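Novice: Here's a structure for you.
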Amino acid sequence: MTKALVLGEICIDVILNNPASVPVLGKNVWAESIQMRLGGSATYVSQGLQVLGIPTTVNSVVGEDPLIEVYLNQLQYLGIDISHVHRQPSAATSVCIGVVDKEKKSFIGCSPFLKYPDHLLEINPEEFDLVYFGGYLLYPEIWDGKLSNLLQKVRPDAHTILDTQMLPIPVDLYRDRAITKSLLEQVEVLLVDRKEAIALTKRQNPEEAARILADYGPKIITVKLGGQGCLVLTQGEILKSKSLKVDARDLIGAGDFFGAAFSYGVLMGWPLQKTADFANGFAALCAARKESNALPELSLVLKHIFPSAIG
């Protein structure tokens, strides 16, 4: 049975939906809604993989907040293995506040992320067919080679995927420490969004940025372009995939759901074009969902994207 290990960021997301959109006495004043839920890359990627049928273990650190066990139990209810989630005594889980205004999203800020405990990176990855780290750049304490050491233990026939994200400080302060060949040579797929690709390479063109990142060693560079889809670079060749057009309602986590679906295609051995199309479609359908826990199942995604193809 194919199994995935997802490491990285778990936080509590507080999401302000469509601020100043509900009128009072003819003036738009109130937000449409304010939602609180478990978020972060490791959460969304795990949920995405699990709903697509890949048994998933999540590995992360959280605090001892009153609601955190409720949220983690929701992951467990989905079938996600939470036994490798560390509860830091007397600590608070990071809280991130985001705004979704029509089809645009922005982040107001986050409380501090807890340091990634060394023992979490000592997990044996050999039983997993996929090892995925989401939010790597948020954890300076693992830039010294700890993650590289873990990835070196992954089975030769398994897949490694790294999604960078970024600290909200000038990238020049940490680029050379964090983005190294010794790490990225262990990575099969590097996932970055347009902003990250440009910042990490100092190139305004995403294609040029992808080629520079490829020099660090990953076999596949995938640049997420939001509503424009994505581009994928492998063996010097670039392919592009357009986004599925939907009425987007929930954009928080869309990039992570893209990562989950891209991982699914890699695990299935699909051609990269099909993998990219599937990832774009899954992310779009997730963004269009009316309820946060109503993720689209595999059959629905395939029906929308490959109506006449084999899944």
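Going by the UniProt record's numbering, the first residue of the sequence shown is number 1, and it counts up by one from there. No residue lacks a Cβ here, since even glycine has one placed at the ideal position from N, Cα and C. Note that the structure is a prediction, hence the values are computed from the model and not measured.
Nearest to residue 182 by alpha carbon, out of 191, 143, 206 and 171?
Specialist: Ranking 191, 143, 206 and 171 by Cα distance to residue 182 puts 143 first.
Novice: When we look at the beta-carbon of residue 166 and count the other beta-carbons within 10 Å, is it buried (16 or more) or exposed?
Specialist: Under this definition residue 166 is a buried residue.
Novice: Can you tell which of 134, 122 and 135 has its C-alpha closest to the C-alpha of residue 146?
Specialist: Closest option to residue 146, Cα to Cα, is 122.
Novice: How would you write the range of the alpha helix (DSSP H) that residue 319 sits in, first residue to last?
Specialist: Lying outside 1 to 311, the shown extent of the chain, residue 319 is not represented and no answer is given.
Novice: Could you tell me the alpha carbon to alpha carbon distance between residue 1 and residue 157, rounded to whole angstroms?
Specialist: Answer to the nearest angstrom: the Cα atoms are 14 Å apart.
Novice: Curious, which full-length alpha helix (DSSP H) runs of at least 4 residues does the segment 56 to 109 contain?
Specialist: If we require 4 residues or more, the alpha helix (DSSP H) runs fully inside the segment 56 to 109 come out as 68 to 77.
Novice: Can you give me the Cβ contacts of residue 247 inside the same chain, cut-off strictly under 8 Å, excluding the 5 residues immediately before and after it?
Specialist: Cβ neighbours of residue 247 beyond the five flanking positions: 288.
Novice: Between which two residues does the beta strand (DSSP E) carrying residue 262 extend?
Specialist: Taken as a continuous stretch (DSSP letters only), residue 262 belongs to no beta strand (DSSP E), being part of the alpha helix (DSSP H) at 254 to 268.
Novice: Look at the Cβ atom of residue 40, then the Cβ atom of residue 252, and state whether they are nearer than 8 Å.
Specialist: Their beta carbons are not under 8 Å apart, which means residue 40 does not touch residue 252 by this criterion.
Novice: Is residue 310 buried or exposed, if buried means 16 or more other CB atoms sit within 10 Å of its CB?
Specialist: Low per-residue confidence applies at residue 310: pLDDT is 45, beneath 50, and the placement is therefore not dependable enough to give any value.
Novice: How would you write the range of the alpha helix (DSSP H) that residue 289 sits in, first residue to last?
Specialist: Per DSSP, residue 289 belongs to no alpha helix (DSSP H) and is neither H nor E.
Novice: Check whether the segment 183 to 191 touches the segment 260 to 269, counting contact only when three or more Cβ pairs, one atom from each stretch, lie closer than 8 Å.
Specialist: Judged by Cβ distances under 8 Å, the segment 183 to 191 makes contact with the segment 260 to 269, as three or more pairs qualify.
Novice: Can you tell me where the alpha helix (DSSP H) with residue 39 in it begins and where it stops?
Specialist: Not the alpha helix (DSSP H): residue 39 falls in the beta strand (DSSP E), residues 33 to 39.
Novice: Just to confirm, is the Cβ distance from residue 7 to residue 59 under 8 Å?
Specialist: It is a contact, given that the beta carbons lie within the stated cut-off.
Novice: Taking the alpha-carbon of residue 304 as reference, which of 243, 290 and 272 has the nearest alpha-carbon?
Specialist: Comparing Cα-Cα distances from residue 304 to each of 243, 290 and 272, the minimum goes to 243.
Novice: Can you have a look at residue 22 and say buried or exposed, based on whether 16 or more other CB atoms are within 10 angstroms of its CB?
Specialist: Burial call: exposed.
Novice: In angstroms with no decimal places, state the Cα-to-Cα distance between residue 79 and residue 27.
Specialist: Rounded to the nearest angstrom, the two C-alpha atoms are 45 Å apart.
Novice: Take every Cβ of the segment 126 to 135, pair it with every Cβ of the segment 31 to 50, and state whether three or more of those distances are shorter than 8 Å.
Specialist: Contact holds: three or more Cβ-Cβ distances are below 8 Å.
Novice: Specify whether the segment 227 to 243 and the segment 275 to 287 touch according to this definition: at least 3 beta carbon pairs, one from each stretch, less than 8 Å apart.
Specialist: Short answer: they touch.
Novice: In the structure shown, what three-state DSSP assignment does residue 310 receive?
Specialist: Note that residue 310 scores 45 on pLDDT, short of 50, meaning its location in the model is unreliable and no value can be drawn from it.
Novice: Near residue 300, what residues of its chain come up, given a Cβ to Cβ distance below 8 Å and the 5 sequence neighbours on each side ignored?
Specialist: Closer than 8 Å at the Cβ level, and outside the excluded window around residue 300, lie 285.
Novice: Relative to the alpha-carbon of residue 266, which residue among 290, 302, 159 and 19 has its alpha-carbon at the smallest distance?
Specialist: Nearest of 290, 302, 159 and 19 to residue 266, Cα basis: 159.
Novice: Any chance you could list the beta strand (DSSP E) runs of at least 3 consecutive residues sitting entirely within the segment 131 to 218, in chain order?
Specialist: As far as the segment 131 to 218 is concerned, its whole beta strand (DSSP E) runs of at least 3 residues are 159 to 163 and 189 to 193.
Novice: Here's the rule: buried if 16 or more other CB atoms are within 10 angstroms of the residue's CB, otherwise exposed. What is residue 33?
Specialist: Exposed, by the Cβ-count rule.
Novice: Could you name the residues of the same chain whose beta carbon sits closer than 7 Å to that of residue 117, not counting the 5 residues immediately before and after it, in chain order?
Specialist: Hits under 7 Å: 61 and 86.
Novice: What are the residues that DSSP puts in a beta bridge with residue 237?
Specialist: DSSP output for residue 237 lists 234 as bridge partner(s).
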